[in-house]
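One structure is given here, and the rest of the page talks about it.
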Amino acid sequence: MNQSTLEVTIRQETKDDQPEVYAINTQAFGQEGEAMLVDRLRKTPSFVPELSLVATSGNRLVGHILFSIISISDGNGNKVESLALAPMAVKPEFQQQGIGGQLVQHGLNKARELKYTSVIVLGHEHYYPKFGFLPAEKWNIQSPYDVPSSFFMAVELIPDGLKDVNGMVQYPKEFEGV
Ligand SMILES: CC(C)(COP(=O)(O)OP(=O)(O)OC[C@H]1O[C@@H](n2cnc3c(N)ncnc32)[C@H](O)[C@@H]1OP(=O)(O)O)[C@@H](O)C(=O)NCCC(=O)NCCS
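Sequence positions in the sequence shown follow our numbering and run 650 to 827.
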């Protein structure tokens, strides 16, 4: 299928977008948990406004992605800053047209521009590798949640962005219970 049939623009979310971002997350996930998570994260120091991105087609919002600051802690007092990609949502009727891919790619580029060095994602093991994500166990990075290791992935935004980084990811407490 042809990705060029739908013109999509990716830009930073504005305050006015927030209700529609809530609706898109609710529709895509079929529940309000992720939408509420986004609302909660916006109020924390983990929130990076430049990394809350929306996809628009014409004057409609069709997708959203958020990257929040997390840390990776090795248990010996060494803490390294990273980003979590979560959540990401595309309106159901606009899925399977590459919009999610554009959101991920745009977000990774922006994160690199902002000098972040890595991103962690908990997600589909067949989807994220196309953007360079590899199982985080490659770097000995663990999830605090009990998930299959192939679903827990990381990508370096610069060469050796995760060199000598290992340990447990610490998510903002707002993620609990989602
Ligand atoms: C996950 C999600 C954001 C992906 O959005 P999307 O816009 O459908 O993503 P893409 O179109 O980039 O990729 C989806 C698939 O369509 C394929 N695709 C990409 N462009 C395409 C095109 N032009 N035509 C047909 N298929 C296409 C991709 O190869 C991909 O296939 P895969 O499943 O084999 O990897 C969306 O499905 C969603 O909102 N799901 C519910 C919420 C969720 O689970 N979020 C992720 C966890 S945080």
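Cβ atoms here follow ideal geometry from the backbone N, Cα and C, with glycine treated the same way.
None of these values were measured; they are calculated from a predicted model.
Strictly by DSSP, which residues pair up with residue i?
i       : result
Arg-709 : Ser-706
Ser-731 : Ile-719
Gln-661 : Leu-702
Gln-791 : Met-817
Met-737 : Ile-714
Phe-696 : Ser-717
Exposed or buried, residue i, counting other C-beta atoms within 10 Å across all chains shown (16 or more means buried)?
i       : result
His-773 : exposed
Asn-651 : No answer about Asn-651 holds up, because its pLDDT of 48 lies below 50 and its placement is not dependable.
His-775 : exposed
Lys-822 : exposed
Met-737 : buried
Ser-731 : buried
Lys-728 : exposed
State the Cα-Cα distance for the pair residue i and residue j, rounded to the nearest angstrom.
i       : j       : result
Tyr-765 : Ile-807 : 9 angstroms
Asp-813 : Trp-788 : 8 angstroms
Ser-767 : Ile-719 : 10 angstroms
Leu-690 : Glu-683 : 10 angstroms
Tyr-777 : Leu-771 : 9 angstroms
Pro-793 : Ser-706 : 37 angstroms
Thr-658 : Ala-704 : 6 angstroms
Ile-673 : Gly-749 : 13 angstroms
Asp-688 : Val-753 : 20 angstroms
Measuring from the CB of residue i, is there a heavy atom of ligand 2 at a distance below 7 angstroms?
i       : result
Ile-748 : This structure does not include ligand 2; its bound ligands are ligand 1.
In the DSSP assignment, the alpha helix (DSSP H) including residue i goes from what residue to what residue?
i       : result
Leu-655 : Here Leu-655 belongs to no alpha helix (DSSP H), and DSSP marks it neither H nor E.
Gln-667 : 667-678
Please list, in chain order, all residues of the same chain as residue i whose beta carbon is under 7 angstroms from its beta carbon, the five residues on each side excluded.
i       : result
Glu-699 : Gln-661, Lys-759 and Leu-763
Phe-696 : Leu-690 and Ser-717
Considering residue i, what are the terminal residues of the beta strand (DSSP E) in which it resides?
i       : result
Glu-632 : Missing from the structure shown is residue 632; the chain here goes from 650 to 827 and no further.
Leu-690 : No beta strand (DSSP E) contains Leu-690, which is instead part of the alpha helix (DSSP H) from 682-690.
Leu-763 : Looking at the DSSP string, Leu-763 is not in any beta strand (DSSP E), and its letter there is neither H nor E.
Could you name the residues of the same chain whose beta carbon sits closer than 8 angstroms to that of residue i, not counting the 5 residues immediately before and after it, in chain order?
i       : result
Glu-742 : none
Glu-786 : Ser-798 and Phe-801
Pro-694 : Ile-718
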